[in-house]
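Right, one structure below, let's go through it.
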Amino acid sequence: MEDKILLRYIDVPHIEKIEVYQKHDGYQGLAKSLKQHKPDEIIEIVKASGLRGRGGAGFPAGLKWSFVPKDSGKPVYLCCNADEGEPGTFKDRLLMEKNPHQLIEGIAITAYAVNCHTAYIYIRGEFCQAKNVLEQAIAEAYQNNYLGKNILKQGFHLDLSLHPGAGSYIAGEETGLLESLEGKRAEPRLKPPFPASVGLFKGPTVINNVETLSNIPHIIMRGAEWFKGFGTEKSTGTKLFCLSGHINKPGVYELPMGIPLKKLIYNYGGGIIGGRKLKAVIPGGSSTPVLTAKQAEDVLMDFESLQAAGSMLGSAGVIVMDETTCMVDALANLTRFYAHESCGQCTPCREGVSWMAKILRRIEDGKGLEGDLELLLDICDNISFKTLCPMGDAAIGPVVSFIAKFRSEFEDHIRQGRCPIEKDKSIKVRG
Amino acid sequence: MANIKIDGKELQVPDGITILEAANIAGIEIPHFCYHKELSIRGSCRMCLVEVEKMPKLTPACSTIIKDGMNIFTSSEKVIKNRKGILEFLLINHPLDCPICDQAGECTLQDYVYKYGSAVSRFAEEKEHFERRKELGPHVLHYAERCVLCGRCIRFCEEISGTCELEMFNRGVRCEVDVFPGKKLDNKLSGNVVDLCPVGAMVSKEFLFKSRVWWLTRTESICPLCSRGCNIEIDSRDNKILRIRPRPNPEVNSQWMCDDGRFGWSFVHREDRLTSPLKREGEELVPISWANAMNLVKERLSFIINNFGREAVAAIASPYLPNEDNYLLRVLLHSVIRSPSIAIYQPAQAEEQMVFPSGFTIEADKSSNLVGAQDMATVDGKQPISHRQLLQKVASGKVRALYILGGAPRISLPVDEREMLRKADFLVVHDYAPSELTEWAEVVFPNLTFAEREGTFTNFQGRVQRLKPALLPLGEAKADWEIVQEVCQAMGGEMSYPSAEKVFEEIAGAVTGYKELCYKGLGTLGKAKG
Numbered sequence: 505m506e507d508k509i510l511l512r513y514i515d516v517p518h519i520e521k522i523e524v525y526q527k528h529d530g531y532q533g534l535a536k537s538l539k540q541h542k543p544d545e546i547i548e549i550v551k552a553s554g555l556r557g558r559g560g561a562g563f564p565a566g567l568k569w570s571f572v573p574k575d576s577g578k579p580v581y582l583c584c585n586a587d588e589g590e591p592g593t594f595k596d597r598l599l600m601e602k603n604p605h606q607l608i609e610g611i612a613i614t615a616y617a618v619n620c621h622t623a624y625i626y627i628r629g630e631f632c633q634a635k636n637v638l639e640q641a642i643a644e645a646y647q648n649n650y651l652g653k654n655i656l657k658q659g660f661h662l663d664l665s666l667h668p669g670a671g672s673y674i675a676g677e678e679t680g681l682l683e684s685l686e687g688k689r690a691e692p693r694l695k696p697p698f699p700a701s702v703g704l705f706k707g708p709t710v711i712n713n714v715e716t717l718s719n720i721p722h723i724i725m726r727g728a729e730w731f732k733g734f735g736t737e738k739s740t741g742t743k744l745f746c747l748s749g750h751i752n753k754p755g756v757y758e759l760p761m762g763i764p765l766k767k768l769i770y771n772y773g774g775g776i777i778g779g780r781k782l783k784a785v786i787p788g789g790s791s792t793p794v795l796t797a798k799q800a801e802d803v804l805m806d807f808e809s810l811q812a813a814g815s816m817l818g819s820a821g822v823i824v825m826d827e828t829t830c831m832v833d834a835l836a837n838l839t840r841f842y843a844h845e846s847c848g849q850c851t852p853c854r855e856g857v858s859w860m861a862k863i864l865r866r867i868e869d870g871k872g873l874e875g876d877l878e879l880l881l882d883i884c885d886n887i888s889f890k891t892l893c894p895m896g897d898a899a900i901g902p903v904v905s906f907i908a909k910f911r912s913e914f915e916d917h918i919r920q921g922r923c924p925i926e927k928d929k930s931i932k933v934r935g
Numbered sequence: 010m011a012n013i014k015i016d017g018k019e020l021q022v023p024d025g026i027t028i029l030e031a032a033n034i035a036g037i038e039i040p041h042f043c044y045h046k047e048l049s050i051r052g053s054c055r056m057c058l059v060e061v062e063k064m065p066k067l068t069p070a071c072s073t074i075i076k077d078g079m080n081i082f083t084s085s086e087k088v089i090k091n092r093k094g095i096l097e098f099l100l101i102n103h104p105l106d107c108p109i110c111d112q113a114g115e116c117t118l119q120d121y122v123y124k125y126g127s128a129v130s131r132f133a134e135e136k137e138h139f140e141r142r143k144e145l146g147p148h149v150l151h152y153a154e155r156c157v158l159c160g161r162c163i164r165f166c167e168e169i170s171g172t173c174e175l176e177m178f179n180r181g182v183r184c185e186v187d188v189f190p191g192k193k194l195d196n197k198l199s200g201n202v203v204d205l206c207p208v209g210a211m212v213s214k215e216f217l218f219k220s221r222v223w224w225l226t227r228t229e230s231i232c233p234l235c236s237r238g239c240n241i242e243i244d245s246r247d248n249k250i251l252r253i254r255p256r257p258n259p260e261v262n263s264q265w266m267c268d269d270g271r272f273g274w275s276f277v278h279r280e281d282r283l284t285s286p287l288k289r290e291g292e293e294l295v296p297i298s299w300a301n302a303m304n305l306v307k308e309r310l311s312f313i314i315n316n317f318g319r320e321a322v323a324a325i326a327s328p329y330l331p332n333e334d335n336y337l338l339r340v341l342l343h344s345v346i347r348s349p350s351i352a353i354y355q356p357a358q359a360e361e362q363m364v365f366p367s368g369f370t371i372e373a374d375k376s377s378n379l380v381g382a383q384d385m386a387t388v389d390g391k392q393p394i395s396h397r398q399l400l401q402k403v404a405s406g407k408v409r410a411l412y413i414l415g416g417a418p419r420i421s422l423p424v425d426e427r428e429m430l431r432k433a434d435f436l437v438v439h440d441y442a443p444s445e446l447t448e449w450a451e452v453v454f455p456n457l458t459f460a461e462r463e464g465t466f467t468n469f470q471g472r473v474q475r476l477k478p479a480l481l482p483l484g485e486a487k488a489d490w491e492i493v494q495e496v497c498q499a500m501g502g503e504m505s506y507p508s509a510e511k512v513f514e515e516i517a518g519a520v521t522g523y524k525e526l527c528y529k530g531l532g533t534l535g536k537a538k539g
């Protein structure tokens, strides 16, 4: 049994071209869907496959689709979230740049399943290469009648548009994305109502990540049981892990869910740079709580195992930090990112995160005060579950976990009035 | 109906309302910044979070719809901590310049911090700084550092005025409300954003540094500048108006008023206000006493009645003046002098009506009491004639003496009407300042502006609303109804109303449609006539 799904044909030359993609089972899943399945059957197959959203929250994809009301009388929209912005995450970009038709096919099948005739790919504005590739691929798909009117003569219509984002992290939050797609400021919406009932242009809307949608053609072609053969019982399929940080072979690795983190780092990632000691790992993109080296010893990389370890699989952006990392500096940098990217509409995230960033930078600069850590944790408590969107909690995840797990390092900074860590000077961190 | 429990209090509330609305019914305050009942719900300030049994997180009271059996806690430990936390967040980058802030004393942030906040700050960092005072439009200044970014002003311009000048710029703590490039906040409703702002971020250019708000005397009155009759509050100090703001009245003006009314009161404080009766001596008008003026009017009117008959005396009622004045003018004409010639002044051209997306309308008719003046001058179903028809009678010599209630704002006549007016043998005019009418008048009585007097206006909907005096009368000037009453008495009429209220009682007895009304019963929001 092959061990790759999404990246199986990644090295085939010109797989981004439709003729090449077609030769590698391309658009067979769409043809099968339209010819052999009713929309509801597709939803059932995807439900049975156990596919969970790859954007970070891990919500079961089929279940999400089934929330779309059948009789709202309004057009249904499908939005592919390609605003990949979580620090440490770079898998969707690869999928779009290398195998755009796989995504387009996934979108077409999903649109058919949820009775949608207008779909959008909201792509991060900075992804110029991916944008060019996708534009070309969408044009090819229209020419070959995989998009447009009466697709494959099966009476199904679908229009797909590519919409480049305007450059902000918060546009990746699903309702922020919808606002941005409507031409407004990317400010997350108050929920309820949820997008499945009131979403884009007030119509029922499904929003899925690039990786989630790219899985769909394969599930349709080979069946739910086959898909469940990968991964664990509750985290089925493979996952694209983004390895970065102090690692010899950073990159995107497609591996079954539930692979041991240690194996990921040492077998696939080639171990730590210079054979140094592992200090910490952020397992699922910058907002997920950090793991200590000891926790990294035996944790498995799937939704349940990481949750049990007090963290999250998130977007599977694995950031590896070795002993030369100053945890205060790293946290100050991360928090600065969240302060910079806060949309600013709700008070706790806007004010609280920026305040934390200032305190952390001050501690790293040797001007920490007694009580700073208690203050930071209390600010976290005042943000926790009180913001309008999940971004507030994303911002405090690192702060709470860094302080809990590396408290003595923070205390050393404050007590000594300086950063006591001998850093790897070759790595530049913006202050 | 749903049965719910708020802070242990059981109550029945209508389905579909929010927790915040239910708490209002229960008489429980839930502090909030971004929520405003006339605007869409944004749920972003997070001040109104409350605890609901079986809900894992605190939930915004402004947006959460109540469900049957809901058990809500508005003062639990978690709720109190959140409020304290939000207020701390709002203050960390706030300049704390209350001593020089116009809003101090009526600032929601200030009040909430006193009530729910902490007395000490834990913030040891440098505050964010913004341009200190930005001019957004002709009437509105913006202090970005004081802003809590509730977005009410932005939503107002989107949803109520529909003019969309404002937007949030930048992100995070650098967020700032501003006008779009090249735009100005210069719509006719712009002043409302100052009222809407819960803090001192949006301030009025006209009121800037004029007074601490706690020194202001607040008087509930009616705007005299169009036939809508927006309910207003006149804030005055040392017998001067310092600002006018709208009072909520869902039947008339919701919560809003236009900038014409809000900033259009400077005529009250004109340098050339009339302070005593005047009589013509050649080209000039010279002050005389009230007694002499009354004698003069009596003498001249009697002469004309004796020589040309009662019908040679006529009057023009004013759509700008309250019902009481116009009613006594009718009494003077019909009952005392017994002449049928009463007309109503009607401006030559009306401006365009302005309707905003929210339905708020600035009326085309700029007179405050046309409906009322017509009601007062209608006797036995016979409607008054137009002032032009009456002036033609003056020109033809049928009418020799003319009594005109002028008054705020000034009446302007086209050239041909002015020529007709000149033909009058005797012209009496009420006005608050020198005007086109006083130029030809033989006797001028100084009257009071809306800000100095009692009375009632009947707006275009037929709603009768009360004026209340915010200022003391200027010099010897009197309300028009008092002046007309004195003329009546001089002409042999036997009436003696001690107050506008008593005149209104008389109106209620005599004028169709006003029978169900009583002066005190009009309250602060007025009543529709029958």
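Residue numbers (our numbering), protein chains in the order written: chain E, 505 to 935; chain H, 10 to 539.
Cβ atoms here follow ideal geometry from the backbone N, Cα and C, with glycine treated the same way.
Listed by chain order, chain H residues near Ile863 of chain E by CB distance under 9 Å: Ala133, Glu134
Coarse secondary structure for Cys847 of chain E, derived from DSSP in three states: coil
Chain E contacts from the region 45-70 of chain H (Cβ-Cβ distance under 9 Å): Ile50, Arg51, Gly52, Ser53, Cys54, Arg55, Met56, Leu58, Pro65, Lys66, Leu67, Pro69
Contact under 8 Å by Cβ, Lys536 of chain E with Met725 of chain E: yes
CB contact flag (Glu520 of chain E, Lys602 of chain E, <8 Å): yes
Short CB-CB distance (under 8 Å) between Glu855 of chain E and chain H: Chain H, which has a Cβ nearer than 8 Å to the Cβ of Glu855 of chain E, makes this yes.
Minimum Cβ-Cβ distance from Ser72 of chain H to chain E less than 8 Å: yes
Within the region 28-100 of chain H, ranges of the alpha helix (DSSP H) (whole runs, at least 4 residues): 28-35
Beta-carbon spacing of Gln658 of chain E, Leu810 of chain E below 8 Å: Judged by their CB atoms, Gln658 of chain E and Leu810 of chain E are not nearer to each other than the 8 Å cut-off.
Interface positions of the region 82-102 of chain H facing chain E (Cβ-Cβ less than 7 Å), listed along the chain: For the region 82-102 of chain H, which is checked against every Cβ of chain E, the residues closer than 7 Å are Asn91, Gly94, Ile95, Phe98, Leu99, Ile101, Asn102.
First through last residue of the beta strand (DSSP E) which encompasses Met211 of chain H: 211-213
Thr27 of chain H to Val88 of chain H span [Cα, whole Å]: Roughly 17 Å between the two C-alpha positions.
Contacts around Leu337 of chain H, its chain only, beta-carbon distance under 6 Å, and the 5 residues preceding and following it disregarded: Apart from the 5 residues on each side of it in sequence, Leu337 of chain H sits with its Cβ closer than 6 Å to the Cβ of Trp490, Val493, Gln494 in its chain, given in chain order.
Presumed contact (8 Å Cβ cut-off) between Val340 of chain H and Cys497 of chain H, rounded CB distance: 6 Å
Complete runs of the alpha helix (DSSP H) confined to the region 634-709 of chain E [at least 4 residues]: Listed in chain order, they are 678-685.
Cys584 of chain E versus Ala643 of chain E - alpha carbon distance: 17 Å
Candidates H:Phe365, H:Arg309, H:Leu483, H:Ala509, of which the one nearest Ile165 of chain H by Cα: Position check: residue 165 of chain H holds Phe in this sequence, whereas Ile was assumed. Among H:Phe365, H:Arg309, H:Leu483, H:Ala509, the Cα nearest to that of Phe165 of chain H belongs to H:Phe365.
Supposed contact pair Gly592 of chain E and Ser748 of chain E - C-beta distance, whole angstroms, cut 8 Å: 6 Å
Three-state secondary structure assigned by DSSP to Ile519 of chain E: coil
Coarse secondary structure for Val524 of chain E, derived from DSSP in three states: helix
Sheet register partners of Thr891 of chain E (DSSP bridge): Bridge partners of Thr891 of chain E: none, in fact.
For Gly778 of chain E and Val702 of chain E, the rounded distance between their alpha carbons: 52 Å
Short Cβ contact (8 Å threshold) for Val188 of chain H with Leu205 of chain H: No, these two residues do not count as a Cβ contact at 8 Å.
Sequence-distant residues of its chain with Cβ nearer than 7 Å to Phe317 of chain H (five each side left out): Arg409
Cβ shell of Ile346 of chain H (< 8 Å), same chain only, five flanking positions each side left out: Leu310, Ile314, Arg319, Val322, Met500
Close-in-space but distant-in-sequence residues of the same chain around Tyr531 of chain E (CB under 6 Å, 5 per side omitted): Glu609, Tyr650
Euclidean distance between Cα positions of Ser405 of chain H and Val437 of chain H: Distance from the CA of Ser405 of chain H to the CA of Val437 of chain H, rounded to the nearest whole angstrom, comes to 19 Å.
Three-way DSSP call (helix, strand, coil) for Lys529 of chain H in this model: Assigned with DSSP and collapsed to three states, Lys529 of chain H falls in helix.
Those runs of the beta strand (DSSP E) which lie wholly inside the region 777-842 of chain E and span at least 3 residues: 782-786, 821-826
Thr792 of chain E to Gly821 of chain E span [Cα, whole Å]: 9 Å
Pro443 of chain H to Val453 of chain H span [Cα, whole Å]: Each residue's Cα considered, the two are about 9 Å apart.
Neighbour flag for Leu158 of chain H against chain E, beta carbons, 8 Å: True, the Cβ-Cβ gap to chain E drops below 8 Å.
Beta carbon proximity, Lys890 of chain E to chain H, threshold 8 Å: Yes, because at least one Cβ of chain H sits closer than 8 Å to the Cβ of Lys890 of chain E.
Under 9 Å from the C-beta of Val182 of chain H: neighbouring residues of chain E: Ala843, Ser846, Gly848, Arg854, Glu855, Val857, Ser858, Trp859
Contacts that Ser748 of chain E makes with chain H (C-beta to C-beta distance below 9 Å): Under the 9 Å cutoff, chain H gives no residues; its nearest Cβ is about 25 Å from Ser748 of chain E.
Contacts that Met266 of chain H makes with chain E (C-beta to C-beta distance below 8 Å): Those do not exist, as Met266 of chain H stays about 29 Å from chain E at its closest Cβ, beyond 8 Å.
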